[in-house]
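Undergrad:
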Amino acid sequence: MSPESPLRADGFFLVSRDPSLLAAVASWGPLEGTPVFDYPSLQAAYGALDAYQPLILLLDRRSEEGSVLGLLRKIRRRHRDLELILLESPRSERVRREERLAGVDLFLDLPLPDRDLRLLLERRLRLSRFRRDCHVIGKSEPLEQILEMILHIAPTDISVLITGESGTGKELIAQTLHRYSRRAKGPFLALNCGALPEGTLESELFGHERGAFTGATAAHAGHFERADGGTLFLDEIGELSPAIQIRLLRVLETGEFIRIPGVRTQSADVRLLAATNRDLNLEVREGRFRRDLLHRIKVIEIRVPPLRERPEDVPLLVEHFLRELHAKEGTPLFELDGELMEVLTHAPWLGNIRELRNTVQRMAVLARGSRLGLVDLPADFVRQAEAPRGNLPVPLSLRPEDAERELLYRTLLSLREEVGEVLGILRRFERDLAADELSVSRGPEAGGGLGLGRDLSRAESAGNLEAMERRLVEQVLAENRGHRRRTARQLGISERTLYRKLKEYGLD
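Every number in our numbering is 326 more than the matching position in the sequence shown, counting from 1.
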């Protein structure tokens, strides 16, 4: 069917001219409650995307003659959340790589039985709708495995331990588990066990009676009491003291607790979700965490992978943060250079999503134009990224494909550093010359001056940067009688960069 009026934004678009495929899909009816719309061409489907915003677009490659890469790129730029699936005969790895770069998320090889296609599409629709509803950004396989696990365990009351590094989004996972549980209408309370001293934490968990301690002028209901009928999320649970671990274990075993320092037993119906960035098995072996408590909180474990293990999600997160900042602060909807996105994608991100968000926000707020490039990377990001890498070209433990990415990553960082240094040099000298009211020629043939020209940005765009840089380095080196350290200091660049430039320009 073809839509005549906008429906809810969760449709399924099929682009095909194959009668048997169209008939098979039509016979299925709505997939997972999702309306199906068919189009004879990708261009026709593209024209309807803005109005309907489907979850999935399935392109039967047999329906298109010639290349569709350009149109796929346009679709991907405008509809980042859309899942693009390509149904085609087996292709070479080179072709698949080009299609993947154009935005294709999944490839299905022909021939494919109708039943298998239907089962696969139902699974993809289920995950896509769930991802959109819970505002999870990313399409990587590790993230999809987490979403599928959440779909299975959210309706239960099973205790879940969420593990992962700081900044990976563990609390978002907990909120999603609550939102899709039978307790969704009840309260969701979160408490960071590592942020409070032991006495305060005990009171926050179990509550206290009036007069329990100095300053306790009124009774206080703890989180277990206030989360009754809902979900309690304990972050950094590995920070609990042995005494509080014992009290927590009792609550989980009996559903009962006592306020400080009361004697009256109270009960609470609470589902417990916990998170940690520690290895609790190691904590148990070293006597810092109770084994019986670990068994109680870890009926199911969800491991949230660090960002470096799902680099394909980084571009989606970057664009999400830029759109978010545009909506809140009115910043431009920036375009990003491919080199910058490559660096961001393969950066280590020790602070994970939190660090990525902060980096993107800093670049966006400080940028002068509408396009972000390598020169917009914060200086401390570059220093931090280069610091742990030592003197070896790449760590010996990396696989060949990862080592290749690492080398590219460092090359791009080095390029960013050099471009920033060179532009800084040229702009400083332009200011100095203007201050001294020197005559600056429009080109190197005019005689006198450095040949920088009156419009630096025009010279940069015209590709004259290298010639200007060579003249500048040569002149400052002569002024310092060949002393390289003083030359580097005067230019405001590192000696390493100066040595490389001297060799590059034959000045060594």
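We put the beta carbon where it would ideally sit given N, CA and C, even for glycine. The structure presented is a predicted model; accordingly, all values stated were derived computationally and were not measured.
Check whether the Cβ atoms of L620 and V630 sit closer than 8 angstroms, and answer yes or no.
TA: no
Undergrad: Count the other CB atoms within 10 Å of the CB of G464; is the residue buried (16 or more) or exposed (fewer)?
TA: buried
Undergrad: Is L817 buried or exposed, if buried means 16 or more other CB atoms sit within 10 Å of its CB?
TA: It counts as buried.
Undergrad: Beta-carbon within less than 8 angstroms of L395's beta-carbon, same chain only, minus the 5 sequence neighbours each way: which residues are those?
TA: Closer than 8 angstroms at the Cβ level, and outside the excluded window around L395, lie E424, E425, A428.
Undergrad: Can you tell me which of the three DSSP states Q592 falls into?
TA: Note: Q592 maps to strand in three-state DSSP.
Undergrad: Which residue wins for smallest C-alpha separation from D386, given the options R406, D376, D364?
TA: The candidate whose alpha carbon is nearest that of D386 is D364.
Undergrad: Compare the C-alpha of L666 against each of V708, R505, I584 and name the closest.
TA: If we check each option's Cα against that of L666, V708 comes out closest.
Undergrad: Determine the extent of the beta strand (DSSP E) in which V362 is found, giving its start and end residues.
TA: 362 to 365
Undergrad: Out of curiosity, what's the CA-to-CA distance linking R694 and R797?
TA: 28 angstroms
Undergrad: Which residues share a DSSP beta bridge with E582?
TA: S593
Undergrad: Quick check on V630: does DSSP put it in helix, strand or coil?
TA: Note: V630 maps to coil in three-state DSSP.
Undergrad: Going by DSSP, name the residue or residues bridged to H621.
TA: H621 is not bridged to any residue.
Undergrad: If you drop the 5 nearest sequence neighbours on each side, which residues of the same chain put their C-beta closer than 6 angstroms to that of G520?
TA: E562, E565
Undergrad: Quick check on N678: does DSSP put it in helix, strand or coil?
TA: helix
Undergrad: CA-CA distance, F514 and R697?
TA: 41 angstroms
Undergrad: Using 8 angstroms as the threshold, is the C-beta distance between E470 and L453 below it?
TA: yes
Undergrad: Taking buried to mean at least 16 other C-beta atoms within 10 Å of its own C-beta, is F338 buried or exposed?
TA: buried
Undergrad: For F559, write down the residues that DSSP places opposite it in a beta bridge.
TA: Answer by DSSP bridge pairing, in chain order: A516, L599.
Undergrad: Please name the residue, chosen from D554, R683, L703, that lies closest to L692 on a Cα-to-Cα basis.
TA: L703
Undergrad: Leaving aside the five residues before and after D336 along the sequence, list all residues of the same chain whose C-beta is less than 6 angstroms from its C-beta, in chain order.
TA: T360, L381, R455
Undergrad: Mind the definition here: the region 516 to 531 touches the region 478 to 485 only if three or more C-beta pairs lie below 8 angstroms; say whether that holds.
TA: no
Undergrad: Take A374 as the anchor and find which of L340, I586, F615 has the nearest alpha-carbon.
TA: L340
Undergrad: Which of helix, strand or coil does DSSP assign to T494?
TA: Here T494 sits in coil by DSSP.
Undergrad: Are E409 and L436 close, meaning C-beta to C-beta below 8 angstroms?
TA: no
Undergrad: Helix, strand or coil: which one does DSSP assign to R417?
TA: coil
Undergrad: Rounding to the nearest angstrom, what Cα-Cα distance links V351 and V421 in this structure?
TA: 27 angstroms
Undergrad: With the cut-off set at 8 angstroms, would you say L643 and H652 are in Cβ contact?
TA: no
Undergrad: Which stretch, first to last residue, makes up the beta strand (DSSP E) that contains D435?
TA: For D435, the enclosing beta strand (DSSP E) starts and ends at 432 to 435.
Undergrad: Could you check whether G495 and I679 sit closer than 8 angstroms to each other, using their CB atoms as the reference points?
TA: Using a Cβ distance threshold of 8 angstroms, I679 and G495 count as a contacting pair.
Undergrad: Could you tell me how far apart the beta carbons of L451 and E358 are, in whole angstroms, since I believe they sit closer than 8 angstroms?
TA: 5 angstroms
Undergrad: In angstroms, rounded to a whole number, what distance separates the CA positions of E308 and L432?
TA: Residue coverage of the chain in this structure runs from 327 to 834, which leaves residue 308 outside it and unanswerable.
Undergrad: Can you tell me whether L438 is buried or exposed? The criterion is at least 16 other CB atoms within 10 Å of its CB, across all chains shown.
TA: exposed
Undergrad: What are the start and end residues of the alpha helix (DSSP H) that includes F647?
TA: 640 to 655
Undergrad: Look up R614 in the DSSP assignment and say whether it is helix, strand or coil.
TA: coil
Undergrad: I need the straight-line Cα distance from F615 to L447, nearest angstrom please.
TA: 44 angstroms
Undergrad: Please state the DSSP three-state secondary structure of D706.
TA: It is helical.
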